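J.:
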Amino acid sequence: MEDWAREGSLEELHVQVEQLRASRARMVAAADAESRRIERDLHDGVQQHLVALAVNLQLARQLADTDPGEAKKLLERIGHDVREALEGVRELAQSVYPPLLLDRGLAEALAAAASAAGIPTRVDATGLDRYPPQVEATVYFCCLEALENAARHAGAGARATVTAWHEPDALHFEVLDDGVGFEQHADRLGGGLTSIGDRIGALGGLLTVSSRPDRGTRVSGTVPLAR
Amino acid sequence: MTVRVLVVDDQAPFRKAARCVLGVTDDFELVAEASSGEEAVVLVRSLRPDLVLMDITMAGIGGIEAARSITATHPDTMTVLLSTYREQDLPVQARTCGAAAYLHKSDFGGPILRELWAGRCYPPSAR
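Going line by line, the protein sequences match chains P and V.
Position in the first sequence counted from 1, then plus 1, gives you the working numbering.
Position in the second sequence counted from 1, then plus 1, gives you the working numbering.
1. To the nearest angstrom, report how far apart residue 111/V and residue 95/V are at their CA atoms.
2. Please state the DSSP three-state secondary structure of residue 127/V.
3. With a CB to CB cut of under 7 Å and the five nearest residues on each side skipped, what residues in its chain are close to residue 123/V?
4. Which runs of the alpha helix (DSSP H) fall wholly inside the region 53-89 of chain V and span at least 4 residues, in chain order?
5. Whose CA, out of 74/V, 32/V and 67/V, lies closest to the CA of residue 81/V?
6. Tell me which same chain residues have a C-beta within less than 6 Å of the C-beta of residue 128/V, skipping the five on either side of it?
7. May I have a chain-ordered list of the alpha helix (DSSP H) segments no shorter than 4 residues that lie completely inside the region 65-134 of chain P?
8. If you count every other CB in all the chains shown that lies within 10 Å of the CB of residue 81/P, and 16 or more means buried, which is it?
9. With residue 150/V as the anchor, note down where its alpha helix (DSSP H) starts and where it stops.
10. From the beta carbon of residue 19/V, is the nearest beta carbon of chain P less than 9 Å away?
11. Beta-carbon of residue 58/V versus every beta-carbon of chain P: anything under 9 Å?
12. Contact between the region 205-223 of chain P and the region 22-32 of chain P: three or more CB pairs below 8 Å?
13. Are the C-beta atoms of residue 48/P and some chain V residue less than 9 Å apart?
14. DSSP state of residue 109/V, grouped into three classes?
15. Assign residue 27/V to buried or exposed, taking buried as 16 or more other Cβ atoms, counted over all protein chains shown, within 10 Å of its Cβ.
16. Return no unless some Cβ of chain V is closer than 9 Å to the Cβ of residue 92/P.
17. Residue 162/P: which of 138/P, 153/P, 46/P and 147/P sits nearest, CA to CA?
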């Protein structure tokens, strides 16, 4: 190999190593941020409901002697608060790892996510099978992030489509919206999309984002399947 | 004498529960609620409550700094810190900010409030 060609390869390798380092650092930061989010959600959500329940139960016990009618009303409110706390736990568990994804796989989990998305969404994921948990989770959370972005930025009246299919050696997905799109800067993906790209990259896959003003946005990815 | 109470917490469920407790506890009266330390400092200045129930973890200056400011400028106002922390997990400043007592939120209720006010000291569980 000529010296100039060797130098070019080394330079390229150096860039790739730097990109990998940056990606690993972002993934560690993302995992820490996720832990903090869960801690915050537990503290600000479920824990506060439980604390209020403990206080109100003590109060109900006190009122049972002095004012049974008021105690009964308070117990009814406590019942309502318990249901709210349960809903908080369900939402938190869902955000950590959707039970439907664990039990029923990607196709059903994507359909459920689409029905709750803030943008009308059609899902075509027929023909999907079960895959390793890390592959299913990566594709699921990537599609979810792309749908959340679409709901936030595509604009009024926009619609989205989620398509997922597999080939013998890879799982593919695409989230497409017909919204307002954006001017693309190759080196400036949003935090969420960068995180998606890192996650897919860690599995040896690839993420592509393409968009143009008034031409919608397409987020697509491929995750290799070990054979 | 009715003890005039300011409840400070950024969490609505606890403020609501505290409101209920104070509503049925003789000789205690809720005068205002605040959802931040900054708001509490301003309200103490204008309302001069006898007792401030102050959550520790809030955005902004937080409960400990707010307690420090209140106890420095209004020494007659008793400040009680509250949180869901175990006592051993409390920041050191919780003991040095001038607050009269610390109370775990789940222990909050009429009887402990009376005990605190009467004794003006740490409740047994927080000693």
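Glycine included, each C-beta is placed from N, C-alpha and C at the ideal position.
Values in this document were obtained by computation on a predicted structure and should not be read as measured data.
T.: Reading it off the structure:
1. 23 Å
2. For residue 127/V, the predicted model reports a pLDDT of 40, less than 50, meaning its position is unreliable; a value from the coordinates is still stated below. DSSP places residue 127/V in helix when its eight states are reduced to three.
3. Model confidence at residue 123/V stands at a pLDDT of 41, short of 50, so the residue's coordinates are unreliable; what they give is reported in the following sentence. So the qualifying residues of the chain are 102 and 103.
4. The region 53-89 of chain V contains these whole alpha helix (DSSP H) runs: 63-74.
5. 67/V
6. With a pLDDT of only 35 at residue 128/V, under the threshold of 50, the placement of this residue in the model should not be trusted, and no figure is reported.
7. 69-97, 100-105 and 107-116
8. exposed
9. The structure shown does not extend to residue 150/V, since chain V is modelled only from 2 to 128, so the question has no answer here.
10. yes
11. yes
12. no
13. yes
14. coil
15. By the 10 Å Cβ count, residue 27/V comes out exposed.
16. no
17. 147/P
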